[in-house]
Amino acid sequence: MLRQSARTRASTHLSRVAAFGSVNLSSISNYLVYVLVRSFIAVVQAITIERCHAIARVLAYVANDLIGLRRKVVDDNIAQTYPHLSVGQRRRFSRRMWEHLFLMVCEVAHAPRTIGETTWREHVRIRDTRGLVSAMLDSRPCVIVTGHYGNFEIAGYLTGMFGFRPYTIARPLDNPFLHDFITRFREAKGQYMLPKNGSAPMVEKVLAAGGLL
Numbered sequence: 039m040l041r042q043s044a045r046t047r048a049s050t051h052l053s054r055v056a057a058f059g060s061v062n063l064s065s066i067s068n069y070l071v072y073v074l075v076r077s078f079i080a081v082v083q084a085i086t087i088e089r090c091h092a093i094a095r096v097l098a099y100v101a102n103d104l105i106g107l108r109r110k111v112v113d114d115n116i117a118q119t120y121p122h123l124s125v126g127q128r129r130r131f132s133r134r135m136w137e138h139l140f141l142m143v144c145e146v147a148h149a150p151r152t153i154g155e156t157t158w159r160e161h162v163r164i165r166d167t168r169g170l171v172s173a174m175l176d177s178r179p180c181v182i183v184t185g186h187y188g189n190f191e192i193a194g195y196l197t198g199m200f201g202f203r204p205y206t207i208a209r210p211l212d213n214p215f216l217h218d219f220i221t222r223f224r225e226a227k228g229q230y231m232l233p234k235n236g237s238a239p240m241v242e243k244v245l246a247a248g249g250l251l
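Taking this note's numbering, I'd label the letters of the sequence shown as residues 39 to 251.
Take a look at the structure:
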């Protein structure tokens, strides 16, 4: 009985050590990725947005045509949405998608230094400004549903800069260091972020108070 108890305690201890080691390795891996991303952003902030766009095109070609990153998922989605496109057209479409994503990251990196209350018109175009602002100024609660068109990160950033206090729902990033970093940017001008799961009570409070979601 004593030997069995000792073996049980030893097994439990080893399991805890293994779990602790796994957590540490995960944290180290996440932090290294975070350092790489921050280093990339530092480089991006040191060059012009035009040069960033050229780099985004190269990275898009590498991700789409050479590595084939998420190729099947992207191609299936495009084929279902645009069934009339040929294989070559779908590949060009997906390459442009990656170009947009890489450029979006560059624009986010430049935003705090280039987009301000007096300069935003030089960098951003907003369609139907009157209708959008009227809806957000209405005393009734306002829910804005958007697709990932244009730079949606800049859209939330600008909304806060314009004096509105929107609550935005987004899925937390898997990397906690990157999540904290991007959340600081998102909330820098007054936007409040809500996690995708478990925010229903807060959403109800926001809408009941006539807020902006």
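Glycine included, every Cβ here is placed at the ideal spot set by N, Cα and C.
Given residue i, which residues of its chain have a CB within under 7 Å of its CB, disregarding the five upstream and five downstream residues?
i      : result
Gln42  : With a pLDDT of 47 at Gln42, under the threshold of 50, the modelled position of this residue cannot be trusted; read the value that follows with caution. Excluding residues within five positions, none has a Cβ falling inside 7 Å.
Phe202 : Met174 and Leu250
Leu107 : Ala101
Thr197 : Pro204 and Gln229
Val82  : Cys90, Cys144 and Ala147
May I ask you to list the residues that DSSP assigns as paired with residue i?
i      : result
Pro233 : Ala208
Leu250 : Cys180
Just the C-alpha distance for residue i and residue j, rounded to the nearest angstrom, thanks.
i      : j      : result
His138 : Phe131 : 11 Å
Arg159 : Ala226 : 19 Å
Val183 : Ala98  : 28 Å
Thr221 : Leu74  : 18 Å
Gly169 : Cys144 : 29 Å
His51  : Arg224 : Annotation note: pLDDT 46 at His51 (below 50); position unreliable, no value reported.
Arg109 : Asn115 : 10 Å
Ile85  : Ala246 : 45 Å
Gly185 : Leu211 : 19 Å
Leu63  : Phe215 : 14 Å
His217 : Ala80  : 17 Å
Among the residues of its own chain, which have a CB less than 6 Å from the CB of residue i, if the five just before and after it don't count?
i      : result
Phe58  : Residue placement at Phe58 cannot be trusted, given a pLDDT of 46 that sits under 50; what the coordinates show is reported in the next sentence. Nothing meets the Cβ criterion.
Ala238 : none
Ala94  : Glu137, Phe140 and Leu141
Thr157 : none
Asn235 : none
Arg38  : Because residue 38 is not part of the residues shown, which for the chain are 39 to 251, the question remains open.
Ile87  : His148
Looking only at its own chain, which residues have a Cβ that is under 8 Å from the Cβ of residue i, when we skip the five neighbours before and after it?
i      : result
Val241 : Tyr205, Ile207, Leu232 and Leu251
Ile66  : none
Asn213 : Asn68, Val71 and Tyr72
Ala117 : Leu123 and Arg128
Arg151 : Gln83
Let me make sure I understand the geometry here. Which of the options has the alpha-carbon closest to that of residue i?
i      : options                           : result
Cys180 : Glu88, Leu196, Val244 and Phe223  : Val244
Tyr230 : Ala246, Met199 and Ala149         : Met199
Tyr195 : Asp113, Phe215, Gly106 and Ile153 : Ile153
Phe219 : Ala147, Ser64, Val112 and Glu88   : Ala147
Arg134 : Val112, Arg163 and Ala247         : Val112
Arg165 : Ser64, Glu88 and Gly188           : Gly188
Phe190 : Phe215, Arg178 and Val162         : Val162
Asp176 : Gly248, Leu211 and Thr197         : Gly248
Ala193 : Pro210, Gly236, Ala149 and His217 : Ala149
Against chain D, does residue i count as a neighbour if the rule is that its beta carbon must be under 8 Å from one of theirs?
i      : result
His138 : Absent from the structure: chain D. Only one protein chain is present.
For the region 149-183, which segments carrying the beta strand (DSSP E) assignment without a break, of at least 3 residues, lie completely within its bounds, in sequence order?
As far as the region 149-183 is concerned, it has no whole beta strand (DSSP E) run of at least 3 residues.
Contiguous beta strand (DSSP E) assignments of at least 3 residues, all confined to the region 71-159
Entirely contained in the region 71-159, not one beta strand (DSSP E) run reaches 3 residues.
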